[in-house]
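Throughout the sequence shown, residue numbering follows full-length UniProt numbering, covering 1 to 487 in sequence.
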Amino acid sequence: MMKLQTSTAMRGSAIDNKRQTHSATANGSCHACAPPLAARSHEVIGVILSNAGVSGRCSQPGATRSTVQQTLDNLETLYYANASLGTPPQQFRLHIDTGSSDLWVNAKNSPLCQQGGNQCGESGMYHANDSSTYKYVNGVFNISYVDGSGASGDYATDDFRFGGQTVEDLQFGIGYESTSPEGILGIGYTINEVAVGRGGLDPYPNLPQKLVDDGKITTNAYSLWLNDLDASTGSILFGGVDTDKFHGTLQTLPIIPERGEYAEFIIALTGMGQNGQNTSIFANQNVPVLLDSGSSLMYLPDAVARQLYQKYNARFDQAQGAAYVDCDLANQQGSLDFVFSGVHISVPLNELVVVAAVSRGQPICLLGVGPAGNSVAVLGDTFLRSAYVVYDLANNEISLAQTNFNATTENIQEIQKGSDGVPNATGVPDAVSTAAVGTGGPRVNGPSVTGGLGGSTGAAMPAATANPWLGGAAVIGAGALLGFNGF
């Protein structure tokens with residue numbers, strides 16, 4: 001089991017939407033900590049997630065043998081891991097992304113990194129000639145995301161180090177051409193690798209699978225605890241769960257296949273409500289939703305987003321894909337409630353209000369909900385912080401529980417092989433295992449919705465005509481300030 005650590009220092013420069021276009025569409029710093037190891041259960045690897053507004057800080061709580069500890073930085077409301085590639089090590093800050101499957105980094109000599117302003121300095125740059133363990137694989141690496149960013153170049157293997165662990169000969173992409181300075185650590189299904197979709201090649205063992213193949217964890221599964229928006233710590237555990245980080249028991253749901261294959265972490269959302277009324281927004285629907293740590297916000301069916309904007313007096317800017325709200329909304333009581341075949345997850349209202357920037361001494365706030373359009377809905381970090389999530393790739397299942405915010409103790413247990421391998425988890429009787437996932441839409445060749453609440457109805461979102469936080473300046477100006485990538 002492997003435990004990872006993150007820290008967050010929201011700089012307010014962007015709210016990211018690093019959702020990968022489906023693999024068939026791919027076209028397109030801080031030193032890692034090595035804390036002392038102590039005994040924990042066999043085959044546990046962990047990273048502590050710090051969210052204290054300090055970039056690159058490494059905390060070193062007690063850990064046991066076969067436990068790996070590392071810091072992730074949550075910058076711009078996203079979660080990062082500090083790691084290295086090569087011999088001698090070249091340092092990187094990698095964006096943790098359950099919505100994609102490839103690890104990739106920018107090349108030192110890429111046009112983007114050669115521009116002024118040290119664009120790639122924080123995330124790191126890879127130079128193949130500086131590593132004695134570099135090996136070329138092929139030239140088919142070419143990935144793109146729905147926010148328009150992407151990278152292309154070579155696949156290679158090299159030694160990957162994080163949290164004091166070394167994974168030898170891990171395959172990754174080198175971005176010789178790139179539109180994003182951020183390196184990405186995709187930890188999804190191997191079938192969603194761009195080598196499969198674009199190159200027509202067989203899947204290769206990405207990081208989670210390589211940890212299994214190398215005997216570092218028992219099964220291809222990990223759990224995610226992001227903690228609350230202002231928390232100082234959270235964690236991702238490869239191969240294990242921490243039963244002190246959630247309330248009650250984990251409840252297990254089936255992942256929904258796409259075109260007959262398990263490719264992404266899509267489950268069925270069957271109801272939504274507010275303030276404890278679990279079905280006041282909708283009930284008895286089978287809405288496919290993607291659990292994606294690579295999206296800062298959640299993206300809900302347009303009809304639902306529109307209802308929430310009206311409820312919270314949000315002003316939606318179509319050009320920027322942002323819904324602006326009064327920051328005082330975070331001080332109100334209430335919740336947004338999600339139902340998955342009887343599993344209830346409640347998101348407190350103060351977890352939905354994201355301070356994205358400061359202008360003239362005043363904060364600018366976004367509601368952490370965007371419209372999904374014709375794409376599959378996405379439950380990003382504004383949802384995931386309120387849920388403890390186990391991603392079980394080996395059994396094609398997701399286990400959920402209400403998070404235990406700011407837990408100060410830990411009880412880490414290893415995930416075993418087999419259908420009942422997740423500790424403290426029970427299957428949900430008659431859980432929905434299918435939903436209307438289409439084959440096209442804004443995520444080109446990626447999943448879209450084909451009925452029910454999905455898709456745009458053509459009705460207008462509540463308009464944003466002026467932004468009170470900018471003294472009457474147009475909202476699009478705020479969007480430009482935020483660097484928001486429109487949906």
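Ideal Cβ placement from N, Cα and C applies to all residues, glycine included.
For the beta strand (DSSP E) containing C365, list its first residue and its last residue. 362–367
Near T434, which residues of its chain fall below 8 Å by C-beta distance, leaving aside the five closest residues on each side in sequence? I256, A268, N286.
Neighbourhood of Q274 by C-beta, 8 Å cutoff - its chain only, sequence neighbours within 5 removed: S280, I281, K311, G334, S335, L336, D337
Look up K108 in the DSSP assignment and say whether it is helix, strand or coil. If DSSP states are grouped into helix, strand and coil, K108 belongs with coil.
Would you give the residue range spanned by the alpha helix (DSSP H) that D169 belongs to? Taken as a continuous stretch (DSSP letters only), D169 belongs to no alpha helix (DSSP H), being part of the beta strand (DSSP E) at 165–178.
Would you decide whether R259 is buried or exposed? Buried here means 16 or more other CB atoms lie within 10 Å of its CB. exposed
Excluding sequence positions up to five away, which residues of its chain have a Cβ less than 7 Å from the Cβ of A26? Confidence in A26 is poor, its pLDDT being 35 and thus under 50, which makes the residue's placement unreliable; the coordinate value appears in the next sentence. If we look at A26 and ignore the five residues flanking it on each side, its Cβ neighbours are N142, I143, S144, V194, G197, R198.
Bridge partners for I143 per DSSP, in chain order? A151
In terms of alpha-carbon separation, which member of L229, Y80, Y189 lies closest to N406? L229
With three or more beta-carbon pairs closer than 8 Å as the criterion, would you say the segment 123–138 touches the segment 208–215? When C-beta atoms of the segment 123–138 are compared with those of the segment 208–215, fewer than three pairs fall below 8 Å, so the two segments do not count as touching.
Any idea what DSSP makes of A156, helix, strand or coil? Correct three-state label for A156: strand.
Nearest-angstrom Cα separation, counted from Q90 out to L349: 41 Å
What distance in whole Å lies between the Cβ atoms of E168 and D159, which are believed to be in contact at a cut-off of 8 Å? 5 Å
For F172, which residues from the same chain have a beta carbon less than 8 Å from its beta carbon, with the 5 sequence-adjacent residues on both sides left out? L85, D102, L103, W104, V105, Y155, A156, T157, D158, F160.
Quick check: the Cα distance between R306 and G370, rounded to an integer number of angstroms? 9 Å
From A330 to S293, what distance separates their C-alpha atoms? 22 Å
Could you tell me which of R360, A372, S346 sits nearest to A323, measuring between CA atoms? A372
On the CB-based measure, 16 or more other CB atoms within 10 Å of its CB, does D420 come out buried or exposed? exposed
Going along the chain, which residues of its own chain have a beta-carbon closer than 8 Å to the beta-carbon of K135, five neighbours each way excluded? A156, T157, D158, D169
So does the segment 235–247 actually touch the segment 410–428, counting three or more Cβ pairs closer than 8 Å? yes
If we count the other Cβ atoms within 10 Å of its Cβ and call it buried at 16 or more, is N227 buried or exposed? Buried, by the Cβ-count rule.
Are S152 and G175 close, meaning C-beta to C-beta below 8 Å? yes
Could you check where the alpha helix (DSSP H) with G234 kicks off and where it finishes? Element bounds for G234: not the alpha helix (DSSP H) but the beta strand (DSSP E), 234–238.
Which of the three DSSP states, helix, strand or coil, is assigned to residue 505? Look at the range of the chain in this structure, 1 to 487, and you will see that residue 505 is not part of it.
Between the C-alpha atoms of N138 and S178, what's the straight-line distance to the nearest angstrom? When rounded, the distance between both Cα atoms is 17 Å.
Starting from N411, follow its DSSP beta bridges and name the residues at the other end. DSSP output for N411 lists no bridge partner at all.
Classification of G111 by the beta-carbon crowding that lies within 10 angstroms, buried from 16 upward: The identity of residue 111 in the sequence shown is Pro, whereas the question assumes Gly. Exposed, since its Cβ has fewer than 16 Cβ neighbours within 10 Å.
Compare the Cα-Cα distances from P205 to each of I217, T219, E261, T190 and report the closest residue. T190
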